[in-house]
Amino acid sequence: MRTPRLEIEYCTQCRWLLRAAWTAQELLTTFQKELGEVALMPGTGGVFEIHLDGELLWSRKEQGGFPELPELKRLVRDRIAPGRSLGHTDNAGTSA
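Our numbering puts the sequence shown at residues 5 to 100.
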């Protein structure tokens, strides 16, 4: 197993595979040198959770929805590449 390992568990009943795959693609594109592996894990019951090396980063049930990509990228960055600039993503959602 390569580390860090990011896991995206998605609900097959809800047909969230495309959302999970898109999220994985975006994270792999942003963190192509830092991430060792991204796994898509089928689940049921409305699950959409993202774990990084076993740590829960996002839970649709706990947070009440899906993650906004800039926020998710910051969560991942803060754990695997602290101090790295995410360019325009760092400025998304902030007011000047």
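Even for Gly, the Cβ is constructed at its ideal location relative to N, Cα and C. Predicted, not measured: the structure shown is a model, and the values here were computed from it.
- Here Gln17 has Thr48, Gly49, Gly50 as same chain residues with Cβ atoms under 8 Å from its own Cβ, once five neighbours each way along the sequence are excluded.
- Each residue's CA atom was taken as its position, placing Met45 and Ile12 some 6 Å apart.
- With a threshold of 16 other beta carbon atoms within 10 Å, Glu53 meets it and is buried.
- Going by C-alpha positions, Arg6 is about 31 Å away from Gly68.
- Per DSSP, Glu72 lies in no beta strand (DSSP E) and is assigned neither H nor E.
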